[in-house]
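Numbering (the UniProt record's numbering), first residue to last: 1 to 329.
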């Protein structure tokens with residue numbers, strides 16, 4: 001365990017906002033979660049966070065790693081992975097073994113412990129499709145718990161860990177159920193056109209890394225938090241009205257018979273793709289990615305609010321910000 005006071009948070013999150021944490025504690029072993037106190041926040045890879053200028057809450061950051069096969073049969077294996085592992089390192093490694101289940105989640109920044117919180121997803125797959133068990137530390141009982149995936153409330157970019165379990169559980173490790181044999185999932189646009197050349201999990205991983213490089217800015221050179229807004233989900237009546245005004249509006253089925261509309265389409269149609277506003281802007285590669293060019297969290301959120309207002313005025317849709325907002329200005 002190591003403690004930093006007045007820690008610089010700009011290099012510790014992919015949006016790179018200038019920010020300072022009063023106290024940042026590095027967790028080097030799962031047993032060290034016992035130090036947690038009410039109000040503490042967990043910092044993984046920092047890929048889905050907006051840090052305001054001053055973070056007064058204590059931050060706990062797991063940096064312990066490890067992978068272990070805990071069981072297998074003819075068709076599947078069960079892989080336990082520590083929270084501090086880098087997500088894309090894990091995906092690259094499993095794809096190299098040609099194990100199936102998470103290869104479509106290639107090149108997503110962040111840590112393994114943070115991935116289930118927002119139920120990361122890409123190219124038609126979600127981590128929920130592969131999670132078997134969440135190994136969590138219960139802050140109330142001060143004990144570890146093994147929670148089956150079916151009990152975790154996984155939904156589109158959501159889980160109970162992001163909502164009402166946030167103050168109760170800390171994800172210490174996860175167990176994935178991966179297939180030893182399978183067929184790549186190439187149904188998603190972009191992959192579908194390459195299906196003839198994608199024969200296994202490794203091929204899928206490589207193809208998706210290439211696709212993401214052409215479609216998304218690299219946070220290392222152009223700070224961003226990936227998808228900045230959730231795709232809005234609406235009822236059929238509202239969608240039917242929109243479709244009358246915008247016949248070409250793209251849409252996808254969502255849970256409970258509702259309709260999901262790509263936020264990127266709304267933003268691009270409103271003229272924001274590639275637009276800069278001072279030190280922040282929207283990527284010219286993808287309209288859903290807000291990029292930071294030396295701006296503060298306050299500047300980012302002001303620009304985001306302008307986009308939200310315009311989208312609501314034009315389409316009657318509400319764009320919710322996806323990254324967590326932590327700290328005070």
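No residue lacks a Cβ here, since even glycine has one placed at the ideal position from N, Cα and C.
Quick check on this structure: which residue in the options has the alpha carbon closest to the alpha carbon of residue i?
i	options	result
residue 241	112, 316, 60, 61	316
residue 308	319, 249, 83, 212	319
residue 273	291, 72, 256	291
residue 148	234, 58, 175	175
residue 207	224, 221, 186	186
residue 97	209, 46, 179	179
residue 100	294, 227, 202, 136	202
residue 261	204, 244, 12, 239	239
residue 4	23, 159, 151	23
residue 139	40, 7, 229, 209	40
residue 183	200, 169, 170	200
residue 227	313, 121, 311	121
residue 304	277, 327, 77, 314	277
Determine the contact status of residue i and residue j, defining contact as a CB-CB distance below 8 Å.
i	j	result
residue 118	residue 157	yes
residue 62	residue 108	no
residue 217	residue 279	no
residue 33	residue 137	yes
residue 17	residue 300	yes
residue 296	residue 53	yes
residue 172	residue 38	no
residue 110	residue 153	no
residue 25	residue 79	no
residue 130	residue 56	no
residue 195	residue 230	no
residue 225	residue 49	yes
residue 338	residue 19	Here the chain covers residues 1 to 329 and nothing more, so residue 338 does not appear.
If we count the other Cβ atoms within 10 Å of its Cβ and call it buried at 16 or more, is residue i buried or exposed?
i	result
residue 35	exposed
residue 167	exposed
residue 69	exposed
residue 116	buried
residue 252	exposed
residue 323	buried
residue 255	exposed
residue 181	exposed
residue 164	exposed
residue 82	buried
residue 325	exposed
residue 13	buried
residue 132	buried
residue 293	exposed
residue 94	buried
residue 135	buried
residue 204	buried
- Task: Please go through the segment 146-205 and give each complete beta strand (DSSP E) segment of 3 or more residues, from N-terminal end onward.
- Result: As far as the segment 146-205 is concerned, its whole beta strand (DSSP E) runs of at least 3 residues are 169-179.
- Query: Taking contact to mean at least 3 C-beta pairs separated by less than 8 Å, is the segment 97-104 in contact with the segment 120-138?
  - Reply: Short answer: they touch.
- How do the segment 76-93 and the segment 186-198 stand: do at least 3 beta-carbon pairs fall below 8 Å, yes or no? Per the Cβ contact rule, the segment 76-93 is not in contact with the segment 186-198 (fewer than 3 Cβ pairs under 8 Å).
- Query: Does the segment 68-82 come close enough to the segment 137-144 that 3 or more CB-CB pairs lie under 8 Å?
  - Reply: In this structure the segment 137-144 does not lie against the segment 68-82, because fewer than three pairs of beta carbons, one per stretch, are closer than 8 Å.
- Item | Complete runs of the alpha helix (DSSP H) confined to the segment 83-153 [at least 4 residues] | For the segment 83-153, whole alpha helix (DSSP H) runs of length 4 or above, ordered along the chain, are 87-96.
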